[in-house]
Structures are given as structure tokens and as C-alpha cells.
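2 protein chains.
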Amino acid sequence: MANPAEDVRPPTMADVAREAGVSHQTVSRVLSDHPNVRAATREQVTLAIERLGYRRNSAARALVTRRTRTLGVIAVNTALYGPASTLTGLEEAAREQGYLVSTVSLRTGEGQGLKDAIDHLASWGVEGVVAITPQRSHVQALAELDAPFPVVTVEGGHQLDLPGVSLDQELGARMVTEHLLAAGHGNVWHVAGPDDWLESEARTAGWRTVLEEGGIRPPRVLTGDWSPLSGYRAGQELAGLALARRGATPVTAVFVANDQMALGVLRALREGGIRTPGQVAVAGFDDIPEAEFFPPPLTTVRQDFAAIGRRSIGLLVDHIEGRARKVEHLLVEPQLIMRASTRPSNES
Amino acid sequence: MANPAEDVRPPTMADVAREAGVSHQTVSRVLSDHPNVRAATREQVTLAIERLGYRRNSAARALVTRRTRTLGVIAVNTALYGPASTLTGLEEAAREQGYLVSTVSLRTGEGQGLKDAIDHLASWGVEGVVAITPQRSHVQALAELDAPFPVVTVEGGHQLDLPGVSLDQELGARMVTEHLLAAGHGNVWHVAGPDDWLESEARTAGWRTVLEEGGIRPPRVLTGDWSPLSGYRAGQELAGLALARRGATPVTAVFVANDQMALGVLRALREGGIRTPGQVAVAGFDDIPEAEFFPPPLTTVRQDFAAIGRRSIGLLVDHIEGRARKVEHLLVEPQLIMRASTRPSNES
DNA sequence: AGGTTGATTGTTAGCGCTCACAACAGCGTG
DNA sequence: CACGCTGTTGTGAGCGCTAACAATCAACCT
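As you go down the protein sequences, you meet chains A and B in turn.
Taking the numbering used here, the leading residue of the first sequence gets 1, the next gets one more, and so forth.
Taking the numbering used here, the leading residue of the second sequence gets 349, the next gets one more, and so forth.
Structure below.
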């Protein structure tokens with residue numbers, strides 16, 4: 001009842017030790033699952049811990065072990081389906097390995113923000129960072145940063161000296177393009193993502209390669225910014241070309257670099273009175289949950305975001321715990337999801 | 349060149365003190381912006397810090413101050429647009445206030461996972477938690493948990509003794525329903541979200557209230573699970589009802605509880621040969637980025653997720669830093685976004 | 001029996017920092 | 001000129017924990 005000081009401090013290891021009639025070191029041993037503790041003693045301590053509601057102080061522990069068991073994640077565009085899914089995968093994998101994850105979302109993508117984010121995380125003593133850095137400029141900034149802890153990139157490309165995990169974007173693009181050619185199209189147009197993005201580049205490269213391998217001259221590339229609106233604009237242009245029926249390359253198939261833009265393209269085509277897939281086949285990339293219900297259901301490339309998250313945490317933890325071999329680059333396989341938007345129909 | 353021990357420890361405050369020719373305490377004062385430090389001394393110390401690349405050890409600091417300046421966030425369905433956006437808002441707000449945010453994503457929504465998540469965060473010494481708990485069962489579990497730190501709920505309803513921030517879901521539903529009635533529809537059907545979700549309930553309640561206030565008997569509620577597929581199924585049922593033209597309530601307007609399901613409904617109606625908005629008007633909720641490009645562009649309710657994030661962090665920090673008045677509930681205003689899917693047309 | 005081993009427990013010394021307080025200078029004031 | 005005040009700096013203790021070592025005891029071997 002006497003309550004002189006308002007702040008009742010949480011119990012410490014010493015409190016538990018007193019309660020259990022042992023030394024604080026024995027309590028520590030029980031908590032760390034040290035083998036050499038008598039079963040009866042262990043029992044005593046466990047009971048005392050429960051009675052007092054004791055919980056190990058992680059700050060004190062981190063201070064002496066020099067391990068915070070905290071990882072940082074830096075991501076851009078965290079509200080989008082792709083990054084958000086990767087984040088979830090990362091977090092779960094880290095938790096399984098006994099790490100805490102702290103996230104920093106970057107709004108825009110300039111280097112300064114990234115530097116600040118690393119600083120913010122470093123000042124909290126993270127042991128490593130996963131950076132989701134899909135833009136070339138980020139990766140550049142990251143490489144120049146020289147952080148005092150291991151850094152693993154996601155979708156950061158494989159040119160740099162940083163370990164990283166990526167989806168095999170180029171393979172995904174190849175799969176889509178080959179699928180469209182196999183369906184009988186003489187050529188495939190492409191709506192690409194923004195220039196600075198590595199994913200854009202890889203998808204465009206995959207598309208281009210397939211065409212060139214088939215002896216087909218790739219048509220001019222249209223560019224968007226991943227948003228449905230930008231896809232809509234590109235779609236209007238394509239619709240114009242499809243209707244004009246002149247110019248070198250007829251528009252009968254389009255590979256759009258992500259599903260959101262594909263949605264815009266589909267709308268523009270529809271408004272132009274062009275039937276999909278009847279007159280123009282359309283394919284996307286990402287397999288967002290909505291894609292199956294687009295008009296028409298969208299052929300696209302599925303990314304296993306959870307696997308990407310899991311593998312990057314694996315890589316990072318390997319580095320932190322000294323198991324790291326050299327700088328490694330992991331590729332995750334994409335999966336082609338075929339739906340109505342590229343279904344061959346009986347009309348040309 | 350001599351490098352006997354491989355682990356070169358990072359510099360400590362004492363190292364900086366020696367380098368600058370002052371005591372460690374003076375270094376601490378400089379770092380904490382204490383006013384009573386001579387400008388020249390401050391300069392010396394700052395220089396020494398820079399020379400050594402010194403960084404304050406947060407574990408040691410946390411140990412003595414009993415403040416970790418870390419917040420936890422618990423969220424379900426983090427890959428969806430809504431939660432992901434809220435998360436981003438939370439994180440930015442927390443960082444501005446000088447806190448680190450650690451996220452835990454829950455896959456399924458049962459109480460045990462939530463308890464584990466709280467435990468996980470507690471063992472890292474978070475000072476407070478924001479729980480995005482849109483399901484009734486979560487909120488229940490949360491209330492029974494009695495965590496050793498303040499907890500703020502997001503979309504957790506206002507029945508409980510926990511402070512919380514929510515969008516005014518009911519108001520949003522009212523706005524949509526009133527909009528549809530004003531457009532001349534005699535009644536409005538409703539495709540609701542899953543039962544356990546507070547957002548579903550509030551949206552359904554808002555819809556029902558408006559109808560009843562207008563003396564209209566609400567038709568039977570269809571239920572989905574937020575997914576486009578479930579919306580598609582509901583849409584098929586609605587299409588059947590719309591075509592049959594018998595039964596008490598004709599189907600001319602539908603308020604769907606989220607945009608993803610609305611996408612499914614639109615597809616089903618289209619497949620049933622029903623024109624939107626010509627024969628049936630459809631409205632959604634959330635304003636996902638894709639909504640503007642649905643066929644047709646979807647009337648919906650926009651949520652200011654960033655504001656929700658910001659305000660919940662504000663509430664939480666107020667509690668942590670003792671500024672908290674009582675248990676408070678904040679409501680964020682929704683915004684009706686009118687698009688083609690509910691545009692009155694010249695046909696019935 | 002004497003010594004050695006292994007299991008179990010306790011003791012001590014920090015980890016790097018902040019807080020409380022002491023020390024000291026320089027200044028104005030009665 | 002003694003006193004107190006303010007501004008500036010230093011000293012010592014201790015936050016709660018783990019790691020290294022010491023101590024104790026029973027069991028075991030030759």
C-alpha cells in the first residue's frame with residue numbers, strides 16, 4: 001500500500017535471484033538455456049520468473065553482448081503491392097530468426113533520404129540492413145555510403161559489390177514475350193516503367209532479347225511511371241496506332257511492364273473501341289490480386305515476394321553471423337500466369 | 349598496421365573525451381545540447397566526434413535512461429493497400445518524433461499471434477504499440493492482454509478502454525448511400541465485408557441508417573471477404589436478381605464495402621450483360637490507386653491513411669510522454685470520390 | 001586413500017552511458 | 001573583502017546484464 005515513488009520499476013534479474021534463492025548468474029543461465037543447471041534449480045528460477053513477471057532487459061543485454069539483434073529495412077513506395085509484400089516476407093523471416101525488424105519508408109528516391117535512413121538505423125544499433133532499392137540512383141548512393149554493417153539489396157541489380165536478391169525480371173519478360181509470339185503475334189509492343197528503375201530495364205531487356213532472337217525488329221518503346229494513368233496515356237497512343245493501321249508495325253500484342261499500367265492500357269483500348277484480346281492482346285507483370293478480375297483477366301508474371309523477403313534475410317543473417325562466403329547474388333524464379341487477356345481468339 | 353585483435357571496437361565517449369581533451373561528461377553534454385557548454389569546448393568536441401566517427405551507443409543510453417525510444421506496430425494483412433499505407437504514415441510520423449518503429453505482421457488473425465507479437469515487441473523494450481486491429485477478435489484479445497505499455501488501436505472500434513484512431517467508416521458509408529439515393533435510385537443493395545471486421549459492420553450500419561432514415565426497407569445484405577473473387581460471386585448473384593426482375597427490390601444500385609470486391613462485382617455484371625452505370629450503379633470504398641481505371645471508373649470513399657498514421661503516433665507518444673489526458677478516440681473524415689460508375693445516365 | 005574430473009553454483013568486473021553532485025572560476029553586491 | 005550566484009567542467013556511482021573465473025561438492029579412477 002505504501003507507494004512513495006510512483007515509478008515501480010520492473011523486476012531485475014537480481015530480484016528473481018532473491019526470490020528463487022540463487023545467484024543472478026544462475027538466473028541468467030536458466031534464461032540462456034545453459035545445460036549445467038540442476039533441474040530442480042531451473043524449476044525454482046522459472047517459477048520465480050513467472051511469479052514476478054520478469055522480463056530480460058534487452059538494453060542491458062545488448063550493452064554487454066554488443067548484439068542488438070535488430071535489423072533495419074529501407075524501402076521506397078511501401079504502399080505498393082510489391083514492396084509491401086516483400087516487407088511482410090522480410091519481417092516474418094527475421095522474426096523467425098530471432099531478430100527485430102525496424103522499417104524506414106522513403107518517400108522520394110533521392111540519395112540524401114537514403115543516407116539519412118541508414119543514419120537513423122545506425123544510431124539505433126542495427127546489425128544489418130536490407131535495402132529495397134529498385135532505382136539505379138539508390139543503389140549508387142548505397143554503394144558510396146559504406147555503412148558500418150552488412151547491407152543486402154533487394155532488386156538492386158547485380159553489378160555492385162553488395163550482396164542481393166532479385167526476381168529474375170529478365171526471365172519473366174522473356175516468358176511473357178515468348179508466350180505472345182507463340183500465340184501467333186508477329187510482333188510485341190512494350191510499355192516500359194520509368195527509366196531509372198532497374199526492374200524497367202531488365203523487363204525491357206528481356207522483351208527485346210526475345211524479339212531479336214526471333215529476328216523481329218522491336219518497335220519503339222513507350223514509357224510510363226508504373227501508375228495506371230501513365231498506362232492509360234500509353235494505351236491511347238497504342239489505340240491510335242492500332243486503328244490507323246499504317247506505320248511499320250501493327251499493334252496486336254502489348255507487354256506492359258506492370259499490372260497497374262496494364263489496367264490503364266486496357267481502359268484506353270476499350271475506349272478506343274478495340275477488343276482485348278480479340279484485336280490486341282495485353283500482358284502485365286506482378287500479378288497483383290486485382291489482375292485476375294481486370295477486363296479481361298490479365299496474363300501476367302507472378303513474383304514470389306515472400307521468397308524474396310526470406311532469402312534476403314537469410315543472406316543478411318549469414319553475413320552478420322559470419323557465415324557469409326563472398327558477395328552473393330540470388331535470383332528468384334518468376335511464374336507466368338496465363339489468363340484471358342492473351343488468349344488466342346478466332347478473330348485475327 | 350599492428351592488428352592483434354580483429355574486432356576493432358567502435359569509439360566510445362571516453363575516446364572522444366580523450367581526443368578533445370575534456371571529460372566524458374562534457375561530451376555527453378554536447379551530444380544532448382546542454383546549454384552550459386562553452387562554444388569553444390563544444391567545437392572541440394564536435395571536431396573530435398567527427399574525427400573518430402563516433403556514434404552514441406543506444407543500448408547504453410537506453411539502459412540508464414530507461415527509454416528505448418522504440419515503438420512497435422502490429423498489423424494484419426500488411427500487403428493490402430490500406431494497412432500498407434497506414435504503416436507508411438505511422439513510420440514517418442514516428443521518425444519525425446525521434447522514435448524507431450518496429451513492425452510485426454500477423455498473417456492470420458487469431459488472438460495467439462497477437463499475444464506473441466506483443467511479447468516479441470515487449471522483449472525488445474518498446475515503449476508503446478500501435479495495433480492495427482480491424483477484427484473484433486483482435487480487439488478483444490488486445491483488451492485482455494494488459495500490456496506493460498500504452499497501446500493505441502487503429503480501426504479498433506471505440507467500445508473498449510483503449511485509445512484509438514479510426515476513419516469515420518459509418519460517415520463514409522452514409523455519404524455513398526446518400527449519393528446513390530440522390531442520383532435517383534429507389535434502393536441500394538450492399539455487398540459487405542466479412543462478419544468479424546469492425547469496418548464491415550460500420551459500413552453496413554451507415555448504409556442501413558441512411559436507408560431507414562429515408563423510409564426505405566434495406567434489402568438483404570450479401571457478404572464477401574474483401575477479395576475480388578468474393579465480389580465476383582456476389583456480383584453474379586446480383587446480376588441474376590437484376591435480370592430476373594422479380595422479387596421485392598430491383599437492383600439498380602450497389603454499395604460494395606471495398607474497391608477490390610467492387611472490381612469483382614463489376615466483372616460479374618459485365619459478364620451478365622448488365623451495363624454500369626446504365627442499368628446498375630456501383631460504388632466502392634477505399635479509393636485504391638486502380639479504382640480510377642476500373643471499367644467504369646469507380647465512385648468510392650477515400651481514406652486519408654497518412655493522417656490516420658500520424659494521429660495514432662501522436663496519441664501514442666502523448667501517452668508515453670505523460671501528456672495523455674484520458675482515453676481518447678479520434679475520427680478521421682472520409683472523402684467521397686465521385687466517378688463514372690454512379691453517374692446518372694439517360695436510360696433508367 | 002589421494003588426486004582428478006565434471007557438474008553446479010557463486011563472485012567479480014565491466015559494457016558505455018547519464019545523473020547527481022562536487023569543484024572551481026569569475027562576477028557583482030552589501 | 002567576504003559572500004553568494006552563475007556558468008562551466010569534472011568525478012563517481014550505477015543502470016541490468018553477461019563473461020570469465022573461482023569455489024564447492026560428489027563421483028570416479030588408479
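Every residue, glycine too, gets a C-beta built ideally from N, C-alpha and C.
> Should serine 689 of chain B be labelled buried (16 or more other beta-carbon atoms within 10 Å of its own) or exposed?
Replying inline: buried
> Considering only the beta carbon of each residue, do arginine 403 of chain B and serine 123 of chain A sit closer than 8 angstroms?
Replying inline: yes
> Of the residues that make up the region 165–193 of chain A, which ones have a beta carbon closer than 7 angstroms to any beta carbon in chain B?
Replying inline: none
>> Applying the 10 Å Cβ sphere with the 16-neighbour rule, what's the burial state of leucine 269 of chain A?
In response: buried
> Taking just the CA atoms, how far does arginine 443 of chain B sit from glycine 72 of chain A?
Replying inline: 13 angstroms
>> So if DSSP puts isoleucine 329 of chain B in a beta bridge, which residue, or which two residues, is it bridged to?
In response: The structure shown does not extend to residue 329 of chain B, since chain B is modelled only from 349 to 696, so the question has no answer here.
> Where isoleucine 397 of chain B and lysine 115 of chain A are concerned, what is the direct C-alpha to C-alpha distance, given to the nearest angstrom?
Replying inline: 19 angstroms
> Which stretch, first to last residue, makes up the beta strand (DSSP E) that contains histidine 24 of chain A?
Replying inline: Here histidine 24 of chain A belongs to no beta strand (DSSP E); instead the alpha helix (DSSP H) covers 24–31.
>> Along the region 433–461 of chain B, where does the CB come closer than 8 angstroms to a CB of chain A? Name the residues.
In response: Ser433, Leu435, Thr436, Glu439, Glu440, Arg443, Leu448, Val449, Ser450, Thr451, Val452, Ser453 and Arg455
> Can you round the beta-carbon distance between arginine 174 of chain A and glycine 214 of chain A to whole angstroms, since I take them to be within the 8 angstroms contact cut?
Replying inline: No, arginine 174 of chain A and glycine 214 of chain A are not in contact; Cβ-Cβ is about 11 angstroms, not under 8 angstroms.
>> Suppose the cutoff is 8 angstroms on Cβ atoms and the five residues either side in sequence are ignored; what does the same chain contact list for aspartate 363 of chain B look like?
In response: Leu400 and Tyr402
> If you run the structure through DSSP and keep just helix, strand and coil, what is histidine 329 of chain A?
Replying inline: strand
> Bridge partners of leucine 336 of chain A, per DSSP?
Replying inline: A:Val301
>> Let's test the definition: count the other Cβ atoms within 10 Å of the Cβ of glutamate 619 of chain B and tell me whether it reaches 16, buried, or not, exposed.
In response: exposed
>> So, for histidine 179 of chain A: in the same chain, excluding its five sequence neighbours on each side, which residues have a beta-carbon less than 8 angstroms away from its beta-carbon?
In response: Ala283, Thr299, Leu336, Met338 and Thr342
> Among the residues of its own chain, which have a CB less than 7 angstroms from the CB of leucine 263 of chain A, if the five just before and after it don't count?
Replying inline: Pro228, Gly231 and Phe294
>> Within a Cβ cutoff of 6 angstroms, which residues of the same chain sit near leucine 211 of chain A, ignoring the five residues on either side of it in sequence?
In response: Pro218
> Based on the DSSP secondary-structure assignment, which residues constitute the bridge partners of phenylalanine 603 of chain B?
Replying inline: B:His538 and B:Ala631
> Straight-line CA distance for proline 644 of chain B to glutamine 445 of chain B?
Replying inline: 42 angstroms
>> Quick check: what's the CA-CA separation for threonine 70 of chain A versus serine 102 of chain A?
In response: 7 angstroms
>> Is the separation between the beta-carbon of phenylalanine 633 of chain B and that of aspartate 652 of chain B shorter than 8 angstroms?
In response: no
>> For histidine 486 of chain B and alanine 62 of chain A, what's the separation of their Cα atoms in angstroms?
In response: 32 angstroms
> Applying the criterion that 16 or more other CB atoms from any shown protein chain within 10 Å of the CB defines a buried residue, is asparagine 36 of chain A buried or exposed?
Replying inline: exposed
> According to the Cβ coordinates, are arginine 42 of chain A and valine 30 of chain A closer than 8 angstroms?
Replying inline: yes
> Closer than 8 angstroms, CB to CB, is glutamate 503 of chain B near chain A or not?
Replying inline: no
> So, helix, strand or coil for arginine 659 of chain B, using DSSP?
Replying inline: helix
> What number of angstroms, rounded off, separates the C-alpha of serine 371 of chain B from the C-alpha of arginine 66 of chain A?
Replying inline: 24 angstroms
> Who are the neighbours of glycine 125 of chain A on chain B, taking C-beta pairs under 8 angstroms?
Replying inline: Asn405, Ser406 and Ala407
>> I need the straight-line Cα distance from glutamate 492 of chain B to alanine 672 of chain B, nearest angstrom please.
In response: 21 angstroms
> Residue range of the beta strand (DSSP E) that threonine 103 of chain A falls in?
Replying inline: 100–106
> Closer than 7 angstroms, Cβ to any Cβ of chain A: which residues of the region 606–632 of chain B, in chain order?
Replying inline: Gln608, Leu611, Gly612, Arg615 and Arg618
>> Along the chain, where does the alpha helix (DSSP H) containing leucine 238 of chain A start, and where does it finish?
In response: 228–244
> Under the three-state reduction of DSSP, which class applies to tryptophan 207 of chain A: helix, strand or coil?
Replying inline: helix
>> For glycine 512 of chain B, report the span of its beta strand (DSSP E) as first-last.
In response: 512–515
> Just checking my contact of arginine 311 of chain A with alanine 257 of chain A at CB under 8 angstroms: how many whole Å lie between their CB atoms?
Replying inline: Rounded, the Cβ-Cβ distance is 23 angstroms, inconsistent with contact.
> Residues of chain B with a CB under 8 angstroms from the CB of tyrosine 54 of chain A: which are they?
Replying inline: In chain order: nothing, as chain B lies at least about 11 angstroms away.
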